[in-house]
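Everything below concerns the one structure shown next.
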Amino acid sequence: MPPKEKPKEDTMDFSLKETSPDIGGRKSLTTISNDKLTLVEQRHFLYVRIVRANLNPVEDPENCFLHRPFVELRIGCHRAATRVLVDPTHNPEWNQVFAFAKDAGRLQGNLLEILVKDATSQGKITGRVCFETGDIPTRFPPDSPLAPQWYRLEDGNGQRVAGELMAAVWIGNQSDDAFSVAWHSGDGDSVAHTRAKVYHSPRLWYLRIQLIGAQDLSIPDINNRIRPEIHVKAVLGQMVLKSRIISPVRNPTTTTTTLNPSEELVFVAAEPFDDPLILIVEDRATGFNIGRSVLDLDRLERRILPVPAMGEKWINIERVEAGNDEKKGAVKLCGRLHLRVFLDGVYHVFDEPTNYCSDLRATSPKLWPEKIGTLELGILKAQGLVPMKSKEGGRASTDAYCVAKYGPKWVRTSTVLDSFAPNWNEQYSWDVYDPCTVITIAVLDNSQLGNTNDNNKNKNKTTAPSDSRIGKVRIRLSTLETNRIYTLSYPLIVLQPNGVRKTGELHLAVKFNCNSVANLLQTYTQPLFPRMHYINPLSFYQMDGLRHQAAYILSSRLGRADPPLNKDVVEYVLDSVVNLWSLRKGKANLHRFMACFSFLSRIYRAFDWIKGWNNPSVTLSFYFLFLILVHFPGLILPCVFMTLFLACVSGYPRRPRHPPHMDIRMSHAEDAGFDVLDEEFDTFPTSRQGEVVRNRYDRMRGIGGRVILMVGDVATQMERVHSLFGWRDPRATILFLVACLVCCTVVYICPVRYLVVFGGSYAIRPPRMRVAAVPSLLHNFLRRLPSNADCML
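The letter at position 245 of the sequence shown is residue 245 when you use my numbering, and the numbering goes up by one with no holes.
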């Protein structure tokens, strides 16, 4: 079967581009009308706040009631309406805000109509209020909010009718306080899933449980069993951890058990603490529940300073009796458990990969470093987004929104409906405590639209659809210059089983404001993580498991917000997918490793070129410099540091002008075959057929064979050196002993300076004094030494 043709990636531009948006931060101070909008293009909106109506005039008491009142707004081709009140009243109250975008000619009408209607009378108009758009006042922060006023209602002929409406109408921008709570003209019916929102992650703690011992455990039939095996199971919400198997010591009166002091169970707990900690002692052989104890997390001790462990206590293990007699339901004391349990706040709870952490602070606020600045992010727009779904009639569509995370603060932009080039122009800011952190911005397609009512009715029957991933951008703050505005267009790149794909471009404006340069530079001398990570570190497997616990907790908590951040969105931003085997990543990491040590090969080639006398003047200059350093060794270290200084200074004109972005060439994404990508996206355990798995296994065996051969060659060379001291080859060892005595005598008699000069002169001797293509004496000697490869099967 011929291989599938790969899509042509050469036509796609994956480079980072600089843009020139009309943002407030680049204008003079005299032209900026609002200092909140320094990184986004200012957009004007027509805001309408509907407060209440008064339909109780004295002159018409019989027609003052509306059974189901609501207010409808009309301007141009736009329509909006308040919620319909179900209770008849003559003083309906709504307190709703509407926003109509005025930019780019989207607001085509010049007359704003506010109609008071009754839903039970087929939308009969009770009265209306009209505004000319040219007469509407403007209001921009920091001006105070516009106070609502009473307006008399009129009929279609402009005659006053009984009743009045309290409303406020003004023209503002996206920094208005009403922007985030307003119904926007592009929101459609699913307002709850389209408006902008700011979320905060709950404070995460490490819940540490150190088992010390147990006493008086009531184990059934213990005297008839040689080694009863029990274990302690800890349950916190949906997370379960088990201790190792413990064999109690039998005693005529008590059953005393001494547990391993290093046995420790660690959970991630989030404030507020909804679930208690349940400790269950079980008999492994029979599965019998010996007893349990329930601990309230709010009552546990909290370690907020780096002091010794705390929370040592004895707790009772109880069991509820089962059966049909009068003892059913009674609580029986089944022993005591000695443990140390507390909430640990001196560590940083990881919820992201360590390479992309956005926050490095400990849980305890008393251990937080001083704030060094602020990060401002302007999410401007996106261009060239690919279709993500089909609507009625098979029409392609994309309802895009962005989610940005830095530290515990998450922001979600508004959703722009049915647009491949959405404009957001929303600005957010974060406090910065460490520059070596990363902000993540993800672009997603909203799949929750039109499902609000259905989801509320069938919340327990169906699950919400997943939001499709369009792309993700990461920006490391340490790569940004302070107090400089970066306006860049980031390509949105998604790796799929059929290859790498560009799904659009995201236009961002980023600025890292620094309060104190001295404090900023001081952070580079401080430990990256809190000190307890180095004094009493957690193991790699503990850290990995706890990170996935934290990601699960965050996805659960943010999924219950309004509007919710779905689990797949949180996992995409946190990159909480388990790392499995990837041949593409393996090749990329190998090339990265080789690139880091490529300077050694460059030095070797340069020295080989010098000693080859390709340019005699360069070789002689190098030789004279070598002689000077030998005779004046005090100049060696100054020359080394001066060389490093000049190398750094020479690279300044070629420094990167923009922060780095995803490199598909370095990631080997563009040259990865379909089978390699299919293996990378395969589930664990595999879901592929036997022939495909066999081919991949054979390929893995080939790669492993080459790795084993390389490791074996390195081990062979090291074993040859060790064999000199083990007398594996007596003749080689005798030659080595003689050489050591000769070298000892020569070094003792001759000054080291002359030996170095002799060695350097011998190394760069002219080619006519060398024997071409013949290994050196030392190389020949080492190659003849034995190794343990002879003993391998």
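All residues carry an ideal CB built from backbone N, CA and C; glycine is no exception.
For T503 against I470, the beta-carbon gap comes to about 5 Å, under 8 Å, which counts as contact. For E370, the CB contacts under 8 Å within the same chain, skipping 5 residues up- and downstream, are Y433 and N519 in chain order. For C744, the uninterrupted alpha helix (DSSP H) segment begins and ends at P730 to I749.
Counting along the chain, the unbroken alpha helix (DSSP H) around K585 starts and ends at L583 to C596. Looking at the backbone, the Cα of V71 and that of G172 are separated by about 22 Å. Note on geometry: alpha-carbon atoms of S582 and R657 lie some 32 Å from one another. At the C-beta level, S414 and L377 stay beyond 9 Å of one another. Residue range N289 to L295 is occupied by the beta strand (DSSP E) that includes S293. An exposed status is given to A396, since fewer than 16 other beta-carbon atoms sit within 10 Å of its beta-carbon.
Here H184 is buried. Its C-beta has 16 or more other C-beta atoms within 10 Å. For the region 625–678, not one full-length beta strand (DSSP E) segment reaches 3 residues or more.
Scanning its chain for C-beta atoms nearer than 8 Å, with the 5 sequence neighbours on each side dropped, one finds around E318 the residues G291, R292, S293, V331, K332, L333 and C334, in chain order.
Taken in chain order, the complete beta strand (DSSP E) segments of 3 residues or longer contained in the region 332–403 are 373–383. Judged by DSSP in its simplified three-state form, F420 adopts coil rather than helix or strand. Cβ neighbours of E352 within its own chain (closer than 6 Å, five residues either side excluded): L574. In the DSSP assignment, Q717 falls within the alpha helix (DSSP H) that extends over G690 to G726. Taking every protein chain shown into account, the CB of P563 has 16 or more other CB atoms within 10 angstroms, so this residue is buried. When the Cα atoms are used, I209 and L477 turn out to be separated by approximately 37 Å.
Annotated as distal: R49 and F14, with beta-carbon spacing of 9 Å or more. DSSP places S489 in the uninterrupted beta strand (DSSP E) bounded by I485 to Q496. In the displayed model, I136 falls within coil according to three-state DSSP, outside both helix and strand.
In terms of Cβ geometry, L279 and L204 do not form a close pair [threshold 9 Å]. Here the region 358–372 makes contact with the region 520–529; the two share three or more CB pairs at distances below 8 Å. Between the alpha carbons of Y762 and P638 lies a gap of roughly 26 Å. Closest in C-alpha terms to L778, from the list S787, R720 and L793, comes R720.
H184 is bridged by DSSP to A99.
The three-state reading of DSSP puts W613 in coil, since its state is none of H, G, I, E or B. The three-state secondary structure of R605, taken from DSSP, is helix. In this structure the region 106–126 lies against the region 158–165, because at least three pairs of beta carbons, one per stretch, are closer than 8 Å.
Contact between A400 and V443 holds: CB atoms are separated by about 6 Å, below the 8 Å threshold. Membership of I553 in the alpha helix (DSSP H) is indicated by the continuous run F540 to L558. Here the C-alpha atom of P387 lies approximately 23 Å from the C-alpha atom of E571. Remark: C-beta atoms of L565 and W424 do not approach each other more closely than 9 Å.
Note: S776 is not bridge-paired with any residue in the DSSP secondary-structure output.
About 6 Å separates the CB atoms of I245 and R284; that is less than 8 Å, so the two are in contact.
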